[in-house]
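Step one of this worksheet: look at the structure below.
Protein chains: 2
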Amino acid sequence: MDGRKGTRTGEVMDAIRRRMAGGTLSPGERLPSIRRFATAMGVSPSTVVEAYDRLAAEGVIRSRPGSGFYASGGMPPLALADAEPRLDRAIDPLWVSRQSLDAGDDTLKPGCGWLPADWMPNAAIRRAIRQLARAGDALLADYGGTRGSPALRRLLARQFADEGIDAGPDQILLTGSGTQAIDLICRFLLRPGDTVLVDDPCYFNFQALLRAHRVRIVGVPYRSTGPDTVLFAEALARHRPRLYITNSALHNPTGATPSPQTIHRLLTEAAAHDLTIVEDDIFADFEPEPSPRLAALDGLARVIRIGSFSKTLSASIRCGYIAARPDWVEALVDLQVATAFGGPSPVAADIVLTALGDGSHRKHLEALRRRLARARRETADRLHALGLRPWLMPRGGFYLWCSLPDGFQGGSQGGFPGDAAAELARAALHDKVVLAPGNVFSVSQTASGFLRFNVAQMADPRVYEVLARAIAR
Amino acid sequence: MDGRKGTRTGEVMDAIRRRMAGGTLSPGERLPSIRRFATAMGVSPSTVVEAYDRLAAEGVIRSRPGSGFYASGGMPPLALADAEPRLDRAIDPLWVSRQSLDAGDDTLKPGCGWLPADWMPNAAIRRAIRQLARAGDALLADYGGTRGSPALRRLLARQFADEGIDAGPDQILLTGSGTQAIDLICRFLLRPGDTVLVDDPCYFNFQALLRAHRVRIVGVPYRSTGPDTVLFAEALARHRPRLYITNSALHNPTGATPSPQTIHRLLTEAAAHDLTIVEDDIFADFEPEPSPRLAALDGLARVIRIGSFSKTLSASIRCGYIAARPDWVEALVDLQVATAFGGPSPVAADIVLTALGDGSHRKHLEALRRRLARARRETADRLHALGLRPWLMPRGGFYLWCSLPDGFQGGSQGGFPGDAAAELARAALHDKVVLAPGNVFSVSQTASGFLRFNVAQMADPRVYEVLARAIAR
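From first to last, the protein sequence lines stand for chains A and B. The first sequence begins at 23 in this note's numbering and counts up by one. The second sequence begins at 23 in this note's numbering and counts up by one.
Here you go:
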């Protein structure tokens with residue numbers, strides 16, 4: 023789109039929105055005619071047409087053929103973000119996902135949340151796919167059962183048993199992805215207007231997902247030992263949240279792991295306030311030694327454990343899971359049939375099952391942890407040279423949550439009004455580097471002095487060149 | 023993997039399994055050291071390492087870092103109940119799905135909504151999977167782009183153009199399934215308390231899905247030429263629905279196809295009342311000749327077209343799509359990232375793309391249509407002998423919507439209080455035959471005199487025996 027025209031269209035849209043907000047244009051009332059409003063605004067009629075069309079697309083106004091445009095009475099369609107494409111898109115909780123997922127091959131992604139493709143166990147995946155090609159007709163052609171592959175659920179049940187979580191295969195539901203696991207739980211437990219607790223900072227997509235559920239999001243400040251338990255207790259008493267969503271091991275974005283005391287306190291408070299907790303255990307494979315789990319201490323009474331295989335096996339073979347109370351799983355099965363007609367592709371679950379059972383898998387994970395430990399140290403050193411300092415040194419995983427150099431810490435120093443990290447991310451994006459600015463993770467918008475780095479995505483020196491240039495501006 | 027080495031690994035695994043089965047290696051006991059066992063078995067230590075790793079992946083043994091491998095504490099619980107659908111479950115819009123999806127191999131499913139596995143193009147699917155095993159790392163390991171495979175979207179755009187629907191690849195969004203396509207649209211357009219129109223009868227899962235969105239469902243009586251246009255117009259005026267969900271070709275459950283006049287009238291009324299329509303085109307491949315489409319007449323202005331590949335390619339390879347206005351697609355992309363972190367597995371989309379492009383595909387579809395026409399005639403004849411009569415003879419597809427024999431038509435005749443078809447279905451389920459009773463399709467619950475049959479699932483004479491016995495009761 024032409025930038026100038028885009029700006030003018032935006033001005034016309036804003037003018038209409040202001041009239042509606044101010045009450046000079048009431049629901050059901052006809053909008054000014056295109057010609058008249060074009061003259062009034064000093065723009066071309068085509069600009070007004072486009073503005074009206076876009077407002078109609080947002081549901082703010084409605085078009086009645088042959089009769090013109092009218093202010094809507096009801097709610098607009100659910101737009102999670104303003105739909106500006108590509109580079110000038112607002113930096114919101116969807117920004118990193120959209121920029122990273124749709125980036126071209128020439129774009130570097132130190133802000134993304136996955137390993138480079140050549141770090142993944144592709145040989146084992148290829149073996150699993152070749153085995154799949156020899157499977158029977160039923161596996162290749164049919165819908166699977168409603169809970170998903172029994173063999174994969176049995177394998178997960180055995181893994182959980184090793185971690186002290188006693189969940190039979192019937193208590194496990196395979197889902198289309200880890201995100202879909204959380205989404206299904208939200209559908210099951212939440213009503214619009216409910217309150218949900220998340221960590222501040224937390225994985226940005228928790229916020230995007232919760233917005234889609236039209237719930238109120240309350241953040242609990244996150245410390246190096248996990249969520250602040252005093253503020254957690256206060257938030258429970260004050261906001262009566264229905265749900266708390268967290269990572270217990272290798273928290274995203276900080277890489278921290280809650281202490282045993284924190285885990286115990288969280289569960290005690292949750293019991294006192296009848297709070298349900300979703301424990302997203304997606305980074306479990308990256309831990310050098312297992313850490314305490316909410317689900318293990320709680321025994322899947324009020325904790326729901328979810329996870330997926332996207333981080334250490336394949337993100338292309340979509341498959342997640344839920345482990346929860348049997349009666350909840352039964353209800354979640356119905357909900358998944360109604361809204362998706364099942365969970366993951368049965369063929370995807372089969373590839374996951376075969377690859378997890380591949381003799382090479384344990385060694386792959388060990389090598390991966392060593393490689394990440396090395397990359398973590400090297401990246402921390404190189405970022406340090408640029409004045410970027412890790413908030414803490416994680417025990418595992420691929421994230422480093424780093425504070426910006428002095429002068430960028432506050433909201434408006436260093437010539438960057440507003441959000442320092444967001445401005446750095448915007449500048450880097452023009453140089454084809456996707457960063458993850460702190461505030462996309464922060465409900466309270468208090469992380470403008472932070473960036474999250476993925477140490478596995480920082481081998482290319484251009485990352486550091488672009489960072490240095492953006493910082494020096 | 024080296025074939026000989028693979029065999030040796032298997033021998034080592036078998037040796038351990040024999041020791042455990044014979045009791046010479048008890049649960050919790052340490053396994054022989056790798057070096058010792060390699061000598062004993064006359065294999066290399068690496069073969070033993072691989073055997074132990076695979077047994078650990080199977081859960082037969084456990085690894086304790088720094089200490090070796092130990093026999094697991096007995097076999098994991100075998101949850102036989104997980105394959106067994108609950109017989110006493112209430113007959114609601116989810117009943118047919120749950121009973122069909124979780125049915126054991128000994129259950130016949132004339133009520134289900136899919137073809138038998140051996141009617142599907144499995145050879146082409148196997149070729150596509152073998153090709154996938156040779157794909158690059160990025161396809162096997164990475165999340166895909168947010169809209170899904172560009173090549174598959176281009177192929178769909180070309181198909182749509184053939185049908186007179188002008189939609190660029192950017193107007194197409196791949197989804198995890200056809201159901202997820204509708205679900206995403208509902209999330210985008212609906213608020214709790216909104217009203218949605220469906221056909222009466224309609225695909226039962228539309229009702230289950232809409233219940234999950236907490237909207238009011240209003241049914242429009244369905245005639246042999248499509249929805250009753252007079253009652254459709256009345257419903258629009260009276261209920262102001264936000265959305266109408268329908269199949270335009272080979273309607274589920276009746277197999278009817280709306281007339282061109284009906285299609286035109288629906289669109290005229292929709293325009294007058296600013297109604298959005300979801301056209302679920304999942305049975306398109308079964309049409310002998312294309313019929314008029316809402317999306318083609320409307321040009322994707324207020325019609326959203328959705329579909330999937332589950333009926334003619336594979337239901338195991340989950341992939342659906344949405345074609346809609348560009349601005350709506352942009353918002354739907356955000357919503358899909360937030361709630362599922364993307365659409366179908368990229369590997370699933372790749373298998374679909376390859377299989378659709380397989381030289382055999384067109385011939386497969388032609389043969390399938392002929393085979394279904396034959397099965398339709400034969401099934402109608404055999405049902406007729408039992409007093410079950412098709413409401414109409416569909417042009418294609420696998421459904422026959424049949425009225426029950428005289429004496430079962432009303433609500434409480436023939437000794438069946440309440441719902442005659444539901445009672446037949448319940449009786450048949452005890453004989454391991456899943457039927458689809460009329461009222462699971464009917465918002466107004468006025469179809470107790472009907473059953474929907476799937477002519478492709480009725481080759482086994484037991485279906486007719488069980489039907490005859492249930493009717494004679």
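Note that the Cβ used here is the ideal one computed from N, Cα and C, for glycine as well.
- B:GLU487 is classed as exposed because its beta carbon has fewer than 16 other beta carbons within 10 Å across all chains shown.
- Counting every other CB atom within 10 Å of its CB across the protein chains shown gives B:MET480 a total of 16 or more, marking it as buried.
- Residue environment analysis places B:SER332 among the buried positions, since at least 16 neighbouring C-beta atoms fall within 10 angstroms of its C-beta.
- When the five nearest sequence neighbours on each side are left out, the beta carbons in the same chain lying within less than 7 Å of the beta carbon of A:PRO348 are those of ASP192, GLN193, in order along the chain.
- Scanning the segment 298-366 of chain B for uninterrupted beta strand (DSSP E) segments of 3 residues or longer gives 298-302, 325-330, 342-345, listed from N- to C-terminal end.
- About 47 Å separates the beta carbons of A:LEU408 and A:LEU357, which is beyond the 8 Å limit, so they are not a contact pair.
- Buried is the label assigned to A:GLY133, since at least 16 other Cβ atoms lie within 10 Å of its Cβ.
- Ranked by how close their Cα comes to the Cα of A:ILE207, the residues A:ALA345, A:ASP159, A:LEU100 have A:ALA345 in first place.
- Contact holds between the segment 196-214 of chain B and the segment 364-379 of chain B, because three or more Cβ pairs, one in each stretch, are under 8 Å apart.
- For the pair B:PHE91 and A:TRP136, the Cα-to-Cα distance works out to about 32 Å.
- Against chain B, the beta carbon of A:PHE420 has no neighbour under 9 Å; the closest one sits roughly 14 Å away.
- A straight line joining the alpha-carbon of B:ALA255 with that of B:PRO282 spans about 17 Å.
- Taken atom to atom, the span from the alpha-carbon of B:VAL34 to that of B:ASP482 is near 44 Å.
- Shortest Cα-Cα distance from B:MET42 to any of B:ALA93, B:ALA60, B:ARG396 involves B:ALA93.
- At least 7 Å separates the beta-carbon of A:LEU414 from that of A:CYS424.
- Straight-line spacing of the CA atoms in A:VAL300 and A:GLU309 works out to 19 Å.
- Contact between B:MET142 and A:ALA163 holds, since their C-beta atoms are separated by about 4 Å, short of 8 Å.
- In this structure, DSSP gives B:ASN269 a state outside helix and strand, which the three-state scheme calls coil.
- Using a CB distance cut-off of 7 Å, B:ILE344 does not count as an interface residue toward chain A.
- Where A:ALA93 is concerned, the enclosing beta strand (DSSP E) starts and stops at 90-93.
- Measuring C-alpha to C-alpha distances from B:LEU322 to each of B:ARG340, B:GLY248, B:GLN202, B:ALA189 identifies B:ALA189 as the nearest.
- For B:ILE373, the closest alpha carbon among the candidates A:LEU123, A:LEU154, A:ILE56 is that of A:LEU154.
- Contact between B:ILE113 and B:ALA444 holds: CB atoms are separated by about 5 Å, below the 8 Å threshold.
- Contact note: B:GLU51 does not reach chain A at a C-beta cutoff of 7 Å; the least C-beta distance is about 17 Å.
- Annotation: the continuous beta strand (DSSP E) that includes A:GLY241 extends over 238-245.
- Our two residues, A:GLY418 and A:LEU394, have alpha carbons roughly 7 Å apart in a direct line.
- For the pair B:THR31 and B:THR69, the CB atoms are nearer than the 7 Å cut-off.
- In the DSSP assignment, B:SER466 falls outside any alpha helix (DSSP H), carrying neither H nor E.
- Taking a Cβ-Cβ threshold of 8 Å, the residues of chain A close to B:THR361 are THR201, GLN202, ASP205, LEU231, ALA234, in chain order.
- Neighbours of B:ASN476 in chain A, taken as residues at a C-beta separation under 8 Å, are lacking, since the least C-beta distance is about 13 Å.
- C-alpha of B:GLU72 to C-alpha of A:GLY381: approximately 5 Å in a straight line.
- For A:ASP380, the three-state secondary structure derived from DSSP is coil.
- Residues of the same chain with a CB within less than 6 Å of the CB of B:ASN269, apart from the 5 flanking positions on each side, are ASP302 in chain order.
- Membership of B:PHE472 in the beta strand (DSSP E) is indicated by the continuous run 472-476.
- Under the Cβ criterion of 7 Å, A:ILE339 is counted among the residues facing chain B.
- A distance of 7 Å or more separates the beta carbons of A:PRO416 and A:ALA402.
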